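The numbering of the sequence shown is full-length UniProt numbering, which starts it at 1 and goes up by one.
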Amino acid sequence: MEFVSMELGHRILETEEPQKPKNSTSEGTVISWAKNGADMAKSKNHTTHNQSRKWHRNGIKKPRSQRYESLKGVDPKFLRNMRFAKKHNKRGLKKMQANNAKAMSARAEAVKALVKPKEVKPKMPTGGSRKLSRLAYIAHPKLGKRARARIAKGLRLCRPKSQAKAPAKAPAKAKPPAAAAPAAKGAQAPTKAPE
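Given below as structure tokens:
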């Protein structure tokens, strides 16, 4: 029975005949030639053609930090994955910069939507007349709070006295003070004006 094996494009015939010594010329040469062919096929991948140019190009490398001078600040993983240094890195860099710009603008819009707009604070006028600056101080939402409170307190304290004096003087001339109408419950009694 014959067995045909294909090995690297060479046909080797093996039969079930009694084996001859390995030194025989006919079969031994075929087998050894096939082995050499396999070795030659392997070595064809490692060609010696143009090696000096390749060694010069690949063997002398700059340190990694200096390798991409024009592309500083770029992700080193991105540079490592790019195969061709000049043209393709620049193309990829432009794409990446465009994507970064889009991402940054989207982030800015999101932040704007989240952050509430601040209220515009009224500013104190610098210089100018004293009366205007005082009015601005009183009108200021934070600084004028105490000033407005003091003004309101002063008005409250002043108002009853002026109202009490006016009606008290008119009946005093016409009628004696004892004949005045009795005061309502809880109301402040009119004070006698000093003479």
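Beta carbons are placed, not taken as given, at the ideal position from N, Cα and C, and that holds for glycine. No experiment lies behind these values; they were computed from the predicted model shown.
What is the rounded straight-line gap between the Cα of ILE138 and the Cα of LEU157? Roughly 19 Å separates the two Cα atoms.
Leaving out five residues before and five after SER24 in sequence, what residues of the same chain have Cβ atoms less than 6 Å from its Cβ? Unreliable positioning characterises SER24 in this predicted model, as indicated by a pLDDT of 49, which lies under 50. A coordinate reading is not provided.
Alpha carbon of LEU155 to alpha carbon of LYS112, nearest angstrom: 46 Å
Quick check: is the beta carbon of LYS112 nearer than 8 Å to any beta carbon in chain C? The structure shown contains no chain C; it holds only a single protein chain.
Looking only at its chain, what residues have a beta carbon closer than 6 Å to the beta carbon of GLN97, apart from the 5 residues adjacent to it on each side? none
Quick one: Cα of residue 209 to Cα of ARG134, how far? Absent from the model: residue 209. The displayed extent of the chain is 1 to 195, so no value can be given.
LEU135 - containing alpha helix (DSSP H), residue span: 130–139
Using CA atoms only, rank isn't needed, just tell me which of ASN99, VAL115, ASN100, LYS121 is closest to LEU143. LYS121
Inter-residue Cα distance where the pair is ALA108 and ILE151: 46 Å
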